[in-house]
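Same order as they appear, the protein sequences are chains C and Y. Just so it is clear: in the first sequence, position 177 is 425 by my numbering, and no numbers are missing. Just so it is clear: in the second sequence, position 211 is 459 by my numbering, and no numbers are missing. Think of the CB as a built atom: it goes at the ideal place given N, C-alpha and C, for glycine as much as any other residue. Model, not experiment: these values are computed from the prediction. First the structure, in the form of structure tokens, and then the observations on it.
2 protein chains.
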Amino acid sequence: MANLRQASLRHANLALVARTVLGADVPPSRADVAAVTSLTRSTVSRLVDDLVAGGVLEEVASVVGGPGRPGRPGTPLRASTGRFAALGLQIGVGHLAARLVDLSGAVLAERLVTTDLAGSRPAPTLRRLRSHAARVLAAAPDGCRVIGAGLALPGIVDATSGRLLSAPNLGWEDVDPGPALAEPLGDLPLQVGNEADLAAHAFASPAPGRHREPSDFVYLSGEVGIGGAVVVGGAVMTGRHGWAGEIGHVCVDPDGPACRCGSTGCLEQYAGRLAMLSAAGLDAATPSAELARRAHEGDEQACAAVRSAARALGIALSGVVNVLDIPTVVLGGHLAQVGDLLAPEVDVLLGRRVLSAHWVSPTVVVASDDPAPGATGAALLALQKVVTEPVRLTDA
Amino acid sequence: MANLRQASLRHANLALVARTVLGADVPPSRADVAAVTSLTRSTVSRLVDDLVAGGVLEEVASVVGGPGRPGRPGTPLRASTGRFAALGLQIGVGHLAARLVDLSGAVLAERLVTTDLAGSRPAPTLRRLRSHAARVLAAAPDGCRVIGAGLALPGIVDATSGRLLSAPNLGWEDVDPGPALAEPLGDLPLQVGNEADLAAHAFASPAPGRHREPSDFVYLSGEVGIGGAVVVGGAVMTGRHGWAGEIGHVCVDPDGPACRCGSTGCLEQYAGRLAMLSAAGLDAATPSAELARRAHEGDEQACAAVRSAARALGIALSGVVNVLDIPTVVLGGHLAQVGDLLAPEVDVLLGRRVLSAHWVSPTVVVASDDPAPGATGAALLALQKVVTEPVRLTDA
Chain C
249 MANLRQASLR HANLALVART VLGADVPPSR ADVAAVTSLT RSTVSRLVDD
299 LVAGGVLEEV ASVVGGPGRP GRPGTPLRAS TGRFAALGLQ IGVGHLAARL
349 VDLSGAVLAE RLVTTDLAGS RPAPTLRRLR SHAARVLAAA PDGCRVIGAG
399 LALPGIVDAT SGRLLSAPNL GWEDVDPGPA LAEPLGDLPL QVGNEADLAA
449 HAFASPAPGR HREPSDFVYL SGEVGIGGAV VVGGAVMTGR HGWAGEIGHV
499 CVDPDGPACR CGSTGCLEQY AGRLAMLSAA GLDAATPSAE LARRAHEGDE
549 QACAAVRSAA RALGIALSGV VNVLDIPTVV LGGHLAQVGD LLAPEVDVLL
599 GRRVLSAHWV SPTVVVASDD PAPGATGAAL LALQKVVTEP VRLTDA
Chain Y
249 MANLRQASLR HANLALVART VLGADVPPSR ADVAAVTSLT RSTVSRLVDD
299 LVAGGVLEEV ASVVGGPGRP GRPGTPLRAS TGRFAALGLQ IGVGHLAARL
349 VDLSGAVLAE RLVTTDLAGS RPAPTLRRLR SHAARVLAAA PDGCRVIGAG
399 LALPGIVDAT SGRLLSAPNL GWEDVDPGPA LAEPLGDLPL QVGNEADLAA
449 HAFASPAPGR HREPSDFVYL SGEVGIGGAV VVGGAVMTGR HGWAGEIGHV
499 CVDPDGPACR CGSTGCLEQY AGRLAMLSAA GLDAATPSAE LARRAHEGDE
549 QACAAVRSAA RALGIALSGV VNVLDIPTVV LGGHLAQVGD LLAPEVDVLL
599 GRRVLSAHWV SPTVVVASDD PAPGATGAAL LALQKVVTEP VRLTDA
């Protein structure tokens, strides 16, 4: 009984220390961890030693003042690199991605293929993804333990069964991706999620060398459609069934163009990738980068497309901020490529349409232009096991 | 040390038992409480005895099978009536309300005055409310202990300072209502909140004889403006600054009429009380009940006003449901008076515009037509102290 209790206490404390170090803005020392957790310095030191030996944490070699002094209370700690990793997969309308991401957020191996998957058939697409997954897993460095896998999909996912219920922009209905990926994954658990939710999770996760992002924000993931996610306290709001965040189908103008969802005037009819290309007089196959180039060069039609998208984003996002009082919005996916042009105009509209803007000005943040942040988010989510089950991993 | 620990354990267990009984769908017995809480029957019985003696709970006299047998494991328990109460106040654009509400949700005393407060001055209005508050407090029955007070206001409130930052429909800016109410309240703590948030809290609270409401819903409070609240797991989402829920300013049509907020085409320009009266060809002073009567009798203009409001509600609420995946919406305030006419049309629009409606049909619920549910919510919120501080109250 006493041993059981001690084991469970050790588990809880290992998790607490791991969470504290992995979630810190700057690498904390053992002493910092003791101060934050209220554990004694000797307890923290013992737990850190176990987490370092188990490959979860590593000590940062000190840069000034001589060689690093491992085990010293003042030595900064951070997530280990290359020891624990997870496989992040993503099927987008315009790409396939497989990424091996480690605890520090570093990409250890990657396959990222640009390809048009609108109207594709699920089986051959999943076979292609399977081969990318296998190659990325085979490229894992020596001594690296892959502990999980995640798949980001551009549609409505049933989190319990892992089935994709519907991805209108792919043209897929009711697909179970698990069996097709079973072979390269072997025993690895696969978690399937919505790409915008997972991209938002990646954005909310602290990564080394990156400024810590706000913990409450509304994330937009622009592609053919526009996915979205609402993040509160660093966690993605899932809603009742895991289907929250469909900001792409917020109505901007009820008399606007018909949407594939059966409704009219949805945000994605103005700010989705195809809508913006069409408004700019460009072919649907044109890369978003080309639209961005033209808009930056002042091409009239491209600028008009950006303005129309910005107006629609301002209208839809002001409604979301009015309802949620989360005054930070993040433009991701193809929206990030013209983010510098969109942000100021969206900003003005939020200032005008958000009731509380008088007291707190909404902020527009532009995400990186990584085309597959959902793959990274899926891997980072799978890596949370290191924090939730540190004993099982470090004692293995 | 042991005594301190025992006292804190007793406190936690009293709170657990009180919460269990007050939150139950049907009055549970001591045995039911033991089953739910995993406490032993004898512990539960002791705690229940204390809560009954302290006036928090009471035993329901059994109706069939002979007289009630107090103290027996099978006797149903419920919130006491008339023993603990709180004062709920509300300033609406069309009324002033003061209510004494007990733990069972019963209204022990009330002053509800219909009055036009648009463009009113804060000081005389607060003096009127003070006099209502004093009369209602004086009407508290013998043996009833008033333990708190709350004030519901139709605007943006700073929860920390208790100041009203802005209530455009009253024409009030930066008002501190506390000092004006200090005299009748004496030592009673006063909590100030947004009326829609508090009405939603009342709607989420189980009350005797009422079917338990869903714990996740989007609440609309119709008045001159339209307030709103998002409730998740029975708790009102406050957002970053407590200003969430401004659904009345979600854009329905960017080319629509100008709103007092400085924006255009906001929901309240179609479904607010004044907008609906004007669309029905009625004077702004006409009671909503008259509009409802005409619409129910098939008056063409009144029906057109209802249809236009329903369309705007459908557009705005489908956006909210798409973003939040909370597929239950509640129509309160003046919207409840024509709720039976609005609900079917809103239902159709939600079915068409909500992306996940294919899997889960959104539901429209009509609230009661109580003009001051915020007052009840404010009182019920103040009464939560019975659950959070049962020792202090029952041992006093």
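Of all residues in the stretch 391-408 of chain Y, those with a C-beta nearer than 9 Å to a C-beta of chain C are Ile404, Asp406, reading in chain order. It is roughly 14 Å from the alpha-carbon of alanine 553/Y to the alpha-carbon of alanine 532/Y. With a cutoff of 8 Å on beta-carbon distance, arginine 326/C and serine 352/C are scored as near each other. Glycine 580/C sits in a strand when the DSSP states are folded into three classes. With respect to the C-alpha of aspartate 547/Y, the residue from Thr362/Y, Ala528/Y, Leu257/Y having the closest C-alpha is Ala528/Y. Beta-bridge annotation (DSSP): tyrosine 518/Y is not paired with any residue.
In this structure the stretch 380-400 of chain Y lies against the stretch 621-637 of chain Y, because at least three pairs of beta carbons, one per stretch, are closer than 8 Å. DSSP places glutamine 439/C inside the beta strand (DSSP E), whose first and last residues are 438-442.
Across the set Thr268/Y, Gly493/Y, Leu433/Y, the C-alpha of Gly493/Y shows the shortest separation from the C-alpha of valine 578/Y. Following the DSSP letters along the chain, one finds glycine 470/Y inside the beta strand (DSSP E) bounded by residues 465-470.
Interface criterion met: the Cβ of isoleucine 495/Y is under 8 Å from a Cβ in chain C. Distance from the CA of glycine 419/C to the CA of threonine 486/Y, rounded to the nearest whole angstrom, comes to 38 Å. Under the 8 Å criterion on CB atoms, proline 575/Y is classed as interfacial with respect to chain C. Contacts with chain Y (Cβ-Cβ distance below 8 Å) from the stretch 554-585 of chain C involve Arg559, Ile563, Ala564, Ser566, Gly567, Val568, Asn570, Val571, Leu572, Asp573, Ile574, Pro575, listed in chain order. If you look at valine 594/Y, you'll find it in the alpha helix (DSSP H) that goes 587-601. Under DSSP, cysteine 499/Y forms a beta bridge with Cys514/Y. Counting along the chain, the unbroken beta strand (DSSP E) around aspartate 406/Y starts and ends at 404-406.
Close to histidine 489/C, with beta-carbon spacing below 9 Å, are these residues of chain Y in chain order: Asp573, Pro575, Ser604, Trp607, Val608.
Of all residues in the stretch 426-455 of chain C, none has a C-beta nearer than 8 Å to a C-beta of chain Y. DSSP places histidine 343/Y in the uninterrupted beta strand (DSSP E) bounded by 343-350. The Cβ neighbour count for threonine 363/C, taken over all protein chains shown within 10 Å, is under 16; the residue is labelled exposed. Residue environment: aspartate 350/Y is assigned as buried (16 or more neighbouring CB atoms within 10 Å of its CB, all protein chains considered). Residue nearest to aspartate 424/Y within the set Leu412/Y, Leu539/Y, Glu431/Y is Leu412/Y (criterion: CA-CA distance). By the rule that beta-carbons nearer than 8 Å mark a contact, valine 349/C does not touch chain Y.
Our two residues, alanine 371/Y and alanine 428/Y, have alpha carbons roughly 8 Å apart in a direct line.
Proximity of alanine 527/Y to chain C, defined by a Cβ-Cβ separation below 8 Å, is not satisfied.
In the structure shown, glycine 562/Y adopts helical secondary structure according to DSSP, grouped into three states.
For the options Ala519/Y, Ala523/Y, Pro502/Y, Ala309/Y, the alpha carbon positioned closest to that of leucine 561/C is the one of Pro502/Y.
Note on geometry: alpha-carbon atoms of alanine 387/C and alanine 357/C lie some 6 Å from one another. Leucine 572/C and glycine 476/C have their C-alpha atoms roughly 14 Å apart.
Valine 274/C sits exposed, since fewer than 16 C-beta atoms from the chains shown fall within 10 Å of its C-beta. Per DSSP, reduced to three states, the secondary structure at serine 604/C is helical. Inclusion of threonine 576/Y and aspartate 435/Y in the CB contact set at 8 Å is not warranted, their separation being larger than that value. Rounded to the nearest whole angstrom, the CA to CA distance from leucine 299/Y to glycine 622/Y is 28 Å. The DSSP-derived three-state label of glutamine 254/C is helix.
Taking the Cα of arginine 378/Y as reference, the smallest distance to any Cα among Ala346/Y, Val405/Y, Ser409/Y is reached at Ala346/Y.
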